[in-house]
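Chains as they are written, first to last, in this note's numbering: chain A, 1 to 261; chain B, 1 to 223; chain C, 1 to 233.
Every residue gets a Cβ at the ideal spot worked out from N, C-alpha and C, and that includes glycine.
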Amino acid sequence: MSSIPAISVVDVHKSFGPLAVLKGVSFDVPRGSVVSMIGASGSGKSTLLRCINHLETPSAGEIYIDGEPMHFRVAGDGQRKPRPIAEINRLRRDLGMVFQQFNLWPHMTVLGNVVEAPRRVRGLKRSEAGELALECLRRVHLLDKAGEYPARLSGGQQQRVAIARALAMQPKAMLFDEATSSLDPELTDEVLAVMRDLARDGTTMIVVTHEMRFAREVSDRVLFLHNGLIEEAGAPEEVFGAPKSERCRQFLSKYLPKYVQ
Amino acid sequence: MGNWERLVWNQRHLLLDGLVVTVEICLIAFAAAILGGLVLCLVRLYVRPLRQVAIALIEFFRATPIFVQLLWVNYVWPELFGWPGSFFTAGWVALALQSSGYLAETFRAGIEAVPRGQREAGLSAGMSHPLVFRRIVLPQVLLMVAPSLVNQFTVIVKSSTLVSVITVQDLMFQSQKIVNTWLDPIEILTATAAIYILVVFAVSALGKALADLLRRRYGLAAS
Amino acid sequence: MSAALAEALNPAVFWEYRAILLKGLAFNFYVFACAAAAALILGLGAALLRVNRWRALRWAGTLHVEIFRNAPDYVMVVWIHFVLPLLLGLAIGRRLEFPPFLSAVIALGLVYSGYFAETFRAGIQSIPLGQIEAGRACGMPERLILWRVILPQVVRRMLPEAVNQFVSLFKATTIVSLIAVPDLMYQVSMVTQQEMRPLPLYTGAALTYFAIVFLAASLVRAAAERWRQKVYA
Chain A
1 MSSIPAISVV
11 DVHKSFGPLA
21 VLKGVSFDVP
31 RGSVVSMIGA
41 SGSGKSTLLR
51 CINHLETPSA
61 GEIYIDGEPM
71 HFRVAGDGQR
81 KPRPIAEINR
91 LRRDLGMVFQ
101 QFNLWPHMTV
111 LGNVVEAPRR
121 VRGLKRSEAG
131 ELALECLRRV
141 HLLDKAGEYP
151 ARLSGGQQQR
161 VAIARALAMQ
171 PKAMLFDEAT
181 SSLDPELTDE
191 VLAVMRDLAR
201 DGTTMIVVTH
211 EMRFAREVSD
221 RVLFLHNGLI
231 EEAGAPEEVF
241 GAPKSERCRQ
251 FLSKYLPKYV
261 Q
Chain B
1 MGNWERLVWN
11 QRHLLLDGLV
21 VTVEICLIAF
31 AAAILGGLVL
41 CLVRLYVRPL
51 RQVAIALIEF
61 FRATPIFVQL
71 LWVNYVWPEL
81 FGWPGSFFTA
91 GWVALALQSS
101 GYLAETFRAG
111 IEAVPRGQRE
121 AGLSAGMSHP
131 LVFRRIVLPQ
141 VLLMVAPSLV
151 NQFTVIVKSS
161 TLVSVITVQD
171 LMFQSQKIVN
181 TWLDPIEILT
191 ATAAIYILVV
201 FAVSALGKAL
211 ADLLRRRYGL
221 AAS
Chain C
1 MSAALAEALN
11 PAVFWEYRAI
21 LLKGLAFNFY
31 VFACAAAAAL
41 ILGLGAALLR
51 VNRWRALRWA
61 GTLHVEIFRN
71 APDYVMVVWI
81 HFVLPLLLGL
91 AIGRRLEFPP
101 FLSAVIALGL
111 VYSGYFAETF
121 RAGIQSIPLG
131 QIEAGRACGM
141 PERLILWRVI
151 LPQVVRRMLP
161 EAVNQFVSLF
171 KATTIVSLIA
181 VPDLMYQVSM
191 VTQQEMRPLP
201 LYTGAALTYF
211 AIVFLAASLV
221 RAAAERWRQK
231 VYA
């Protein structure tokens, strides 16, 4: 059982009209591991992340969550049928998503944002959901802001609330879509620290990021995407220390001059 | 189809006469409303001693239903002021009253949106206050309020149906006359409703196109 | 002139008939409340059609909005009262008549649903897509996202414009007297025919409506603004 990866991406393609953004991407995310995806903007890494939890529907290929296909199911006659939206919603609960723009709901308090999905989607009682939400807020060090509205928080605090909101669904894996890219430099550290804690606690994570140091320190595996394909993959020491691909080397030299001879 | 021909097509002269009256009363009311709105707004902004009077009038015109104003002007004004002397006049006066209240507020918002520095630049170039208003403020205000003017005109057209109640022979009046003559309302009232909807739709579509054109021509962002 | 003015502002007749006039005013409020409820429900429905992903439904929503937003109140009231029952009657093969109150509510509800639909639509389209995606990512079904994420914000955003539309709707309820709903204007014209004193009666009606609309609109606007600011301060 433990040999089944938490997330398995198999030959995923995605096109927007004539524009092919993903051209066949496959990789596994073992349970409890952290996979980072790096690459230039337009390389397809955010689209890939959005395909994984079906915010975009892949044009071809499949994603398996704990061995269960996300987009199709095999019917009795062996035919693959697209899942109805309600079923996709159920599978999506197992994937927490953190967005670049936080996307908090401005008319709810911090606690309201975190409580919402556990109560209304998973049907927890008010007291249970509240306790769970407070626990999640504690993990991102924002217990004292539970009664505030999002507009009164800094960007870093808002992003930590968004992380707590995703955690509150007790997902099997967390997806981070450039979670620090819209933050001022002095606010990124508090968010990265929370993500580090999650990784240390054994959370399965896929992280799209431009923070190379973070990717190097925290990841078990790093994927470099280029033009909709995985150009290079390996342990962080390999990818950052001795990149085999010329494109990967060029990309890294822009971010980490000191890693290139 | 026989009914459509008998009750609508064969009555087209009556309907057309009514439509002409509707157009007349709306245009007169619109012109009067613009004038009245401008006066109310200028008094409110620049004539200190009369400011409260202007505010009271604006609020009264805006907050009173058009139908009530219409009957009030029609029945009460002739005794109070000896005017208006005809139903037609009472009709456009009432329509203009309501709209002048709204337009006064629209103009005020427009005037206050013109940056103060532009006025000061005009004054420091030696232009008089009225000249600054006419040459610098007013043109910009008119561009800014163009969409609201069009919208207010559609309100006037819609409200104008009520003047038939005081026997002004507009389209609604003629249509009801046909109903009362032939006692068969389906086709004629449906046709009348369609005519009004199309007229109002056309006015607001044309007006929007015109307003956008003006704004683009003078380099203001379209709304 | 001064004699006429004194007569116009003489509240004696108005006071004498206060019971019947007040009953009339109550009808303005009944019509307003029912038509407002109908307009909100129909308007929300039309707005949801207009942001729907199927083109045919979007078209239906647009048609609804353009017809009713551009129709004069009075024409709609007359059409609904005198034509719609006949058409329905032809369809079911039976003579049909609407009570005036019902016609008034249907007509005003339809007309104002056109205005409310546009306000709702603008509000819905102002919600950032990311907030909706955040809901989807949490596994929320679309209906839950609509009720919990979109509509609460739409209501707050559309409030100032909705207040204006409620004011217009209340003012429009005065025309229902024309199809013999016994509202204040209807009673005023009845009393006028009896007393032959239009000056104080019509002036009193105008002042009454003015006072109600002005006070209610000011109060509601102030309350709405305070409520909005509590969240978006």
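**OP:** Measure the CB-CB distance between threonine 161 of chain B and alanine 206 of chain C and report whether it falls below 9 Å.
**Re:** no
Subject >> Outcome for lysine 81 of chain A when other beta-carbon atoms lying within 10 angstroms are tallied against a minimum of 16 >> reply: exposed
Original post:
Is any heavy atom in the ligand ZN found nearer than 8 Å to the beta carbon of leucine 70 of chain B?
Top reply: Within the structure as shown, the ligand ZN is missing, as the structure has no ligands at all.
**OP:** Return no unless some Cβ of chain C is closer than 9 Å to the Cβ of leucine 189 of chain B.
**Re:** yes
Original post:
Taking the alpha-carbon positions, what's the serine 127 of chain A to aspartate 94 of chain A distance?
Top reply: Here the C-alpha atom of serine 127 of chain A lies approximately 22 Å from the C-alpha atom of aspartate 94 of chain A.
Original post:
In or out: tyrosine 186 of chain C buried (at least 16 other Cβ within 10 Å) or exposed?
Top reply: buried
Original post:
At which residue ranges does the stretch 129–167 of chain A contain complete beta strand (DSSP E) runs of 3 or more residues, listed in the order of the chain?
Top reply: If only uninterrupted beta strand (DSSP E) runs of at least 3 residues are considered, none is enclosed by the stretch 129–167 of chain A.
Subject >> valine 31 of chain C (DSSP reduced to helix, strand or coil) >> reply: In the structure shown, valine 31 of chain C falls within a helical segment according to DSSP collapsed to helix, strand and coil.
Original post:
Using the rule of at least 16 other Cβ atoms within 10 Å of the residue's Cβ for burial, across every protein chain shown, is valine 53 of chain B buried or exposed?
Top reply: exposed
Subject >> Distance between isoleucine 41 of chain C and leucine 189 of chain B (C-alpha atoms, nearest Å) >> reply: When rounded, the distance between both Cα atoms is 27 Å.
**OP:** Using DSSP bridges, identify the partner residues of isoleucine 206 of chain A.
**Re:** A:Val35, A:Leu175
**OP:** State yes or no: is the C-beta of valine 132 of chain B within less than 9 Å of the C-beta of leucine 199 of chain C?
**Re:** no
Original post:
CA-CA distance, alanine 104 of chain B and phenylalanine 61 of chain B?
Top reply: 10 Å
**OP:** Would you please state the rounded distance, in angstroms, between the beta carbons of aspartate 170 of chain B and isoleucine 25 of chain B? I believe it to be under 8 Å.
**Re:** 6 Å
Original post:
Can you list, in chain order, the residues of the stretch 139–172 of chain B whose Cβ is nearer than 7 Å to any Cβ on chain C?
Top reply: Lys158, Thr161, Leu162, Val165, Met172
Subject >> serine 46 of chain A versus serine 182 of chain A: straight-line alpha-carbon distance, rounded >> reply: 14 Å
Original post:
DSSP state of glycine 78 of chain A, grouped into three classes?
Top reply: coil
Original post:
Excluding sequence positions up to five away, which residues of its chain have a Cβ less than 8 Å from the Cβ of arginine 92 of chain A?
Top reply: Asn53, His54
Subject >> Interface partners of glutamate 133 of chain C on chain A, CB under 9 Å >> reply: Arg50, Leu55, Met97, Phe99, Asn103
**OP:** Within 10 angstroms of the Cβ of tryptophan 92 of chain B, are there 16 or more other Cβ atoms? Answer buried if so, exposed if not.
**Re:** buried
**OP:** Going by CA-CA distance only, name the one from C:Glu161, C:Phe27, C:Arg228 that's closest to threonine 174 of chain C.
**Re:** C:Phe27 is the residue among C:Glu161, C:Phe27, C:Arg228 whose C-alpha sits nearest the C-alpha of threonine 174 of chain C.
Subject >> Within chain E, the residues that glutamine 69 of chain B reaches when beta carbons sit closer than 8 Å >> reply: Absent from the structure is chain E; the protein chains it does hold are A, B and C.
Subject >> Three-state secondary structure assigned by DSSP to valine 25 of chain A >> reply: If DSSP states are grouped into helix, strand and coil, valine 25 of chain A belongs with the strands.
Original post:
chain C beta carbons: is any one of them nearer than 9 Å to that of leucine 198 of chain B?
Top reply: yes
Subject >> Per DSSP, cross-strand counterpart(s) of methionine 97 of chain A >> reply: A:Leu175
**OP:** Might you give, ordered along the chain, the residues of its own chain that have their beta carbon closer than 7 Å to the beta carbon of proline 182 of chain C, omitting 5 neighbours on each side?
**Re:** The residues are Gly24, Phe27.
Original post:
Just the Cα atoms here: how many angstroms apart are proline 5 of chain A and valine 207 of chain A?
Top reply: 16 Å
Subject >> glycine 44 of chain A versus glutamine 101 of chain A: straight-line alpha-carbon distance, rounded >> reply: Distance between the alpha carbons of glycine 44 of chain A and glutamine 101 of chain A is about 18 Å.
Subject >> Separation of valine 141 of chain B from isoleucine 111 of chain B, as counted between CA atoms >> reply: 6 Å
Subject >> Within 9 Å, strictly: CB atoms of phenylalanine 234 of chain C and valine 167 of chain C >> reply: Nothing in the structure corresponds to residue 234 of chain C, since chain C is present only between 1 and 233.
Subject >> Cross-chain neighbours of histidine 141 of chain A in chain C, by beta carbon under 7 Å >> reply: Those within 7 Å of histidine 141 of chain A in chain C number zero; the least Cβ separation is about 21 Å.
**OP:** Please name the residues in the stretch 144–161 of chain C whose beta-carbon is closer than 8 Å to at least one beta-carbon of chain A, in chain order.
**Re:** Leu144, Arg148, Val149, Pro152, Gln153, Arg156
Subject >> Strand pairing of alanine 60 of chain A, partner residues [DSSP] >> reply: A:His13
Original post:
Beta-carbon separation of proline 145 of chain A and leucine 137 of chain A under 9 Å?
Top reply: Going by the sequence as given, residue 145 of chain A is lysine instead of proline. In this structure, leucine 137 of chain A lies closer than 9 Å to lysine 145 of chain A by Cβ.
**OP:** Consider the Cβ of methionine 37 of chain A: report whether some Cβ of chain C lies at a distance smaller than 9 Å.
**Re:** no
Original post:
Unbroken beta strand (DSSP E) runs of length 3 or more, entirely within the stretch 103–141 of chain C: which are they?
Top reply: none
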